[in-house]
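If you read the sequences in order, they're chains B and S. Just so we're aligned, residue 1175 is where the first sequence starts under my numbering, counting upward by one. Just so we're aligned, residue 743 is where the second sequence starts under my numbering, counting upward by one. For reference, the structure discussed in these notes is given below.
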Amino acid sequence: DSLWEKDLDPDLLKLKQVFELFRAQYDRSYSNPKEYARRLEIFAHNLAQARKMEAEDLGTAEFGMTPFSDLTEEEFEQLHGHQKITPGETPGVGIKVGSEVMVES
Amino acid sequence: VPPSCDWRKLKGVKSPIKQQGNCNCCWAMAAAGNIEALWCIRYNRSVQVSVQELLDCNRCGDGCKGGFVWDAFITVLNNSGLASEKDYPFRGSLKRHKCLANNYKKVAWIQDFIMLQNNEQTIAQYLATHGPITVTINMKLLQQYKKGVIKATPATCDPYLVNHSVLLVGFGKTNSTERRRAKGGHSRLHPHRPIPYWILKNSWGAEWGEEGYFRLHRGSNTCGITKFPLTARVDLQGKKAPVSCP
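Here it is in structure tokens:
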């Protein structure tokens, strides 16, 4: 690994270091190297988004690494919002009743 | 409307930050927080109500799959109150659970619930004279939020696409030192003008944001904060002494 890393872009190495800090801070582990690579990519994208958000913000907000930095926007919304609503739908119409709920025997 | 208001400063109102985990139950946690705060303000009783009861006894019975604050209040009315968090604790699993409301003693109840006008001045006035209320916002910017006051535009945070319910606990204005600290001394618009903000309590644990809280700009309908301002009422109209926000 160390030989391989020597050939990498220094920015990528730095990113990996930050990602390792994130994993340690929020106790994240991934099932396989492919998943690790995917989460690293999402993490990098989110950090770039955070920089953009901070530049666009008109208040005093700071954006950056959070417990949700390895999630895509869609995953984040599905996991932590109140539910997915299609634009233009009235909220009450968006409720799904039962059909997708997993019930253990 | 007072210049600032922070219900967290009233003894007993500041309850622990809730953690919804992977359960889409922000709507239930916001409603529970609303009822707990109002009971503390109105009756000086510090209670923690059961979020799990709101999930299990919701009319759709699938609380972790999402819902709305008004569903939570309807459940409280249908069940004639809520059990305590201690008796009926939060499990947060996606698995459906049977409603156990009848097994436990009620520790808090409500008379009814209302939706306020979609107006930030009205919201501030109600907040200052009654207590915390629930709001539903677009949570897009919260994923990467760390601290400070978020002031968005409809382009950066669509106010019509609201998808996360939280508890509004106060409002205030920044001081100039905060602005300098936040932007490294390079304020882009008005270097010395204070920024009015709302203080909101989230349910993503105390590690997130400003110890579980965050702030949104007040006066620009940032992230759709005025779309669904809902609150329970814990006493009969006209039979209450005025309260004042710290």
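From the three backbone atoms N, C-alpha and C, an ideal C-beta is built for every residue, glycine too. For clarity, every value in this text was computed on a predicted model and none was experimentally measured.
Any C-beta of chain B under 9 Å from that of residue i
i, result
"C728 of chain S", "No answer is possible for residue 728 of chain S: the residues shown for chain S start at 743 and end at 988."
"V976 of chain S", "no"
"E953 of chain S", "no"
"G927 of chain S", "With a pLDDT of 45 at G927 of chain S, under the threshold of 50, the modelled position of this residue cannot be trusted; read the value that follows with caution. For G927 of chain S, the answer is no, since every Cβ of chain B falls outside 9 Å of its Cβ."
"I777 of chain S", "no"
"K882 of chain S", "yes"
"N860 of chain S", "no"
"G834 of chain S", "no"
"G961 of chain S", "no"
"K893 of chain S", "yes"
"G873 of chain S", "no"
"W940 of chain S", "no"
"I759 of chain S", "no"
"E795 of chain S", "no"
Any C-beta of chain S under 9 Å from that of residue i
i, result
"A1198 of chain B", "no"
"L1189 of chain B", "no"
"N1206 of chain B", "no"
"A1235 of chain B", "yes"
"F1245 of chain B", "Sequence check: residue 1245 of chain B is Leu here, not Phe. So, interface residue."
"F1217 of chain B", "no"
"F1242 of chain B", "yes"
"D1201 of chain B", "no"
"E1194 of chain B", "no"
"A1224 of chain B", "yes"
"E1230 of chain B", "yes"
"L1253 of chain B", "yes"
Rounded straight-line distance, which links the Cα of residue j to that of residue i
i, j, result
"N963 of chain S", "N861 of chain S", "9 Å"
"I1216 of chain B", "E1248 of chain B", "12 Å"
"E1209 of chain B", "F1196 of chain B", "16 Å"
"R1212 of chain B", "V818 of chain S", "43 Å"
"K1226 of chain B", "C841 of chain S", "45 Å"
"E1228 of chain B", "F1250 of chain B", "19 Å"
"W802 of chain S", "L858 of chain S", "As written in the sequence, residue 802 of chain S is Cys, which differs from the Trp given in the question. About 25 Å."
"W781 of chain S", "T1234 of chain B", "34 Å"
"P971 of chain S", "Y1204 of chain B", "39 Å"
"S918 of chain S", "K889 of chain S", "16 Å"
"F810 of chain S", "V904 of chain S", "11 Å"
"T1246 of chain B", "A870 of chain S", "37 Å"
"N821 of chain S", "F855 of chain S", "14 Å"
"F1193 of chain B", "N1206 of chain B", "16 Å"
"H1254 of chain B", "G951 of chain S", "15 Å"
"A843 of chain S", "E1230 of chain B", "47 Å"
"A1198 of chain B", "S1243 of chain B", "13 Å"
"W749 of chain S", "C987 of chain S", "6 Å"
"I816 of chain S", "Y868 of chain S", "21 Å"
Beta-carbon contacts of residue i that lie in its chain and below 8 Å, excluding the five residues immediately before and after
i, result
"S991 of chain S", "With chain S running from 743 to 988 in the structure shown, residue 991 of chain S is simply not present."
"E953 of chain S", "I759"
"G961 of chain S", "E862, P938"
"A866 of chain S", "V743, C747, F913, R960"
"D977 of chain S", "R784, Q853"
Identity of the residue in the options nearest residue i by Cα
i, options, result
"L1189 of chain B", "B:R1202, B:A1222, B:S1203", "B:A1222"
"N1220 of chain B", "S:A870, S:Q886, S:G834, S:V755", "S:Q886"
"L752 of chain S", "S:F913, S:H839, S:A779", "S:A779"
"K848 of chain S", "S:K837, S:Q790, S:D900", "S:Q790"
"V911 of chain S", "S:P938, S:A814, S:V755", "S:V755"
"Y1200 of chain B", "B:T1240, B:H1254, B:G1255, B:Q1252", "B:T1240"
"L1187 of chain B", "B:A1218, B:A1198, B:D1244", "B:A1218"
"A772 of chain S", "S:D977, S:C987, S:Y955", "S:Y955"
"Q1252 of chain B", "S:R787, S:G763, S:Y868, S:F815", "S:G763"
"A983 of chain S", "S:W749, S:P745, S:N786, S:R750", "S:N786"
"C965 of chain S", "B:Q1191, B:L1232, B:L1214", "B:L1232"
"K969 of chain S", "S:I816, S:C987, S:D900", "S:D900"
"S835 of chain S", "S:I852, S:E920, S:K807", "S:K807"
"S788 of chain S", "S:L884, S:L883, S:E920, S:A850", "S:A850"
9 Å Cβ cutoff, residue i in contact with chain D
i, result
"K888 of chain S", "Protein chains in the displayed structure are B and S, and chain D is not among them."
Cβ neighbours of residue i in the same chain (closer than 7 Å, five flanking residues each side left out)
i, result
"N776 of chain S", "P874, I875, T876, L909, T973, A974"
"I967 of chain S", "V877, I879, W940, L958"
"M881 of chain S", "N905, H906"
"T916 of chain S", "V891, P936, I937, Y939"
Contact set for residue i: own chain, Cβ-Cβ below 6 Å, skip 5 residues either direction
i, result
"I783 of chain S", "G873, V985"
"S757 of chain S", "E778"
"G1238 of chain B", "A1224"
"D813 of chain S", "N800"
"L1214 of chain B", "F1193"
Check: residue i C-beta below 8 Å from any heavy atom of the ligand FMN
i, result
"S907 of chain S", "With respect to small molecules bound, the structure shown includes none, and the ligand FMN cannot be examined in it."
Exercise. Counting Cβ pairs closer than 8 Å, one from the segment 943-955 of chain S and one from the segment 762-773 of chain S, do we hit at least three?
Worked result: Contact between the segment 943-955 of chain S and the segment 762-773 of chain S is present, because at least three Cβ pairs lie under 8 Å.
Exercise. How do the segment 783-799 of chain S and the segment 894-911 of chain S stand: do at least 3 beta-carbon pairs fall below 8 Å, yes or no?
Worked result: no
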